[in-house]
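The block underneath contains the structure these notes are about, expressed in structure tokens.
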Ligand SMILES: [Zn+2]
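Numbering (the numbering used here), first residue to last: 168 to 502.
The following block contains the structure:
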């Protein structure tokens, strides 16, 4: 590595079905990336081998690009221990139970390794390189299949006492609301995630198929086929049902963000995830609703902005775990 031109990090994003990996430079740009299938339903080693093949692909690419790799940062589904890098028992990764992911990866590659929860890591990436640059206290939410959140205080992930802080998707706005997968009623995730949007639209379409010709056509006459992407498509085409569903979603999110602002008073709110694009024209309504739902008379000063990273949030997030100011402090580097 003596004559290398510059250093970079490898970011790895582990999901239930795929492992994405990428090379991330000092400015947070993703120079290369790859995807392999995750093997989540066999033994621990099969899952680990999938992760290694994703890392190997990026190490080979780094060699071609004449980049030195300074560390490997990994986003994994939780629960996990951010101090030790042990993955505890994620429902979508049955292969791993108390699996020491950070130490396994650092043993194999002899590099610093950190492991973190995906939304926390994405929040840090946005703060260092993305939409949160220049802000100290950041609230990040990723609205997709579920709703993840991350809290950054003073440019560092806020972990809380047990490492489990930042589960804002399971903050309830309705104690009589529908039950979330986590067991609680009325979590914002069960009301405003992409899954929730699709479920509500599907129920309305089943009730009254005539009220949206566009959606009925998109689902080919079978409401069970309805997805959140179809609601987004219908919304873009001016469909009234899609508008109604989106307006409700924005109302739920406003109330929730009002709670968040009253609790944290962040410098900025960043919205990412697959549903963020669909909601982007509604950020003004979201802001107005938030102001009404917060007791903070200056809530209107808090910007609501779209994230820099889309599908690459996990790759950038993994790398951010090693690039952050507090990277050496929270988790010992396993060299
Ligand atoms: Zn929940």
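Built from N, CA and C at the ideal position, the CB exists for glycine as well.
Helix, strand or coil for residue 426? Go by DSSP, reduced to three states.
helix
Taking C-beta to C-beta, are residue 261 and residue 255 nearer than 8 Å?
no
Which of helix, strand or coil does DSSP assign to residue 366?
helix
For ligand 1, which residues count as neighbours when the test is a C-beta closer than 5 Å to any heavy atom?
337, 347, 349, 351, 354
I'd like to know whether the C-beta atoms of residue 364 and residue 314 end up nearer to each other than 8 Å.
no
Name the residue from 410, 283, 425 whose alpha carbon lies nearest to the alpha carbon of residue 485.
283
Can you name the start and end residues of the beta strand (DSSP E) that residue 181 belongs to?
173-181
Residue range of the alpha helix (DSSP H) that includes residue 295
285-296
Please name the residue, chosen from 360, 412, 371, 378, that lies closest to residue 443 on a Cα-to-Cα basis.
360
Pairs of beta-carbons, one from the stretch 418-433 and one from the stretch 386-402, closer than 8 Å: are there three or more?
no
Taking just the CA atoms, how far does residue 458 sit from residue 464?
8 Å
Taking 6 Å as the limit between beta carbons, can you name the residues of its chain near residue 181, skipping five residues before and five after?
243
Measuring straight from C-alpha to C-alpha, what distance separates residue 240 and residue 481?
10 Å
Can you say whether residue 327 is buried or exposed, counting buried as having 16 or more other CB atoms within 10 angstroms of its CB?
exposed
Exposed or buried, which one is residue 406 when buried takes at least 16 other CB atoms within 10 Å?
buried
Residue 294 to residue 387 span [Cα, whole Å]
42 Å
Would the stretch 221-228 and the stretch 190-203 be scored as touching if the rule is three or more Cβ pairs under 8 Å?
yes
May I ask you to check if the CB of residue 444 is nearer than 7 Å to at least one heavy atom of ligand 2?
The model on display carries ligand 1 but not ligand 2.
For residue 407, the three-state DSSP class (helix, strand or coil)
helix
DSSP state of residue 382 mapped onto helix, strand, coil
helix
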